[in-house]
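>
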Amino acid sequence: MGANCSCTVEDEAPTSSLDSRRPDDIQELQVPFWNSCGAFRPRLLGQTRLDLSKLDGTWLDVDASPTCFIKAGVIVWHWDEDQTTVLEQEQGELYIVLAGERYSAIIKEEPVRLLWSDGAKWVRDDLQ
C-alpha cells in the first residue's frame, strides 16, 4: 500500500485573533486536518467530520475473503488480530499507518466500500 502524493498547495488564509472576530465569523476559523500527503492543512470549522461509526462491521476484499473488523475507528486484522487506528483525513477520506507505511482510502456508499491508495478494494459485509 503506497502511492505518490498528488496534492496541490493552497494559499493559507490570513490568521487573526478570535478577539477581532464577530461571533458570525468564528465558524470560518481554520483548524488543521491531514491531507493525502501526510501534512496538516487548514479546514473550516463548519465542515462536517467523517462519521467513523459508518465503517463498523466486517470487511471483505475483492475475493470476498475476510480482511478485518472495524469498530469505533479501530481495525482488527483478520489474519493476526493486531489493531490499527483509523484516522480522518478530509471529508470522505481516511488513512491508516501499517508497518510504517501510510495508506489512504476513499469511502464510497451503497454498498459501503473503501478504495485504498494501493489499489485494494474492501466492501463491508452487511449480512453479518
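When the sequence shown is numbered by the working numbering, its final residue is 129 and no position is left out of the sequence of numbers. Glycine included, each C-beta is placed from N, C-alpha and C at the ideal position.
Between residue 100 and residue 117, what straight-line distance do the alpha-carbon atoms span, to the nearest angstrom?
Roughly 16 Å between the two C-alpha positions.
> What does the Cβ neighbour count give for residue 66, buried or exposed, with the cut at 16 atoms within 10 Å?
Per the 10 Å Cβ criterion, exposed.
> For residue 51, does the three-state DSSP call read helix, strand or coil?
Here residue 51 sits in coil by DSSP.
> Less than 7 Å between C-beta atoms, sequence neighbours within five positions excluded: which residues of the same chain meet that for residue 68?
Contacts found: 60, 61, 62, 79 and 123.
> In angstroms with no decimal places, state the Cα-to-Cα distance between residue 51 and residue 120.
About 22 Å.
> Between residue 94 and residue 76, is the Cβ-Cβ spacing less than 7 Å?
No. Outside cutoff.
> Which of helix, strand or coil does DSSP assign to residue 125?
Strand at residue 125.
> Rounded to a whole number of angstroms, what is the C-alpha to C-alpha distance between residue 102 and residue 64?
Distance between the alpha carbons of residue 102 and residue 64 is about 24 Å.
> Return the first residue and the last residue of the beta strand (DSSP E) that residue 84 is part of.
From DSSP, the beta strand (DSSP E) with residue 84 extends over 84–86.
> What residues match up with residue 58 in a beta bridge as DSSP calls it?
Note: residue 58 sits in a beta bridge opposite 71.
> If you follow the beta strand (DSSP E) that residue 117 is part of, which residue opens it and which one closes it?
Here the beta strand (DSSP E) through residue 117 covers 114–117.
> Please classify residue 90: is it buried, with 16 or more other beta-carbons within 10 angstroms of its beta-carbon, or exposed?
Counting Cβ neighbours within 10 Å, residue 90 comes out buried, since at least 16 surround it.
> Rounded to whole angstroms, what is the Cα-Cα separation between residue 72 and residue 57?
About 5 Å.
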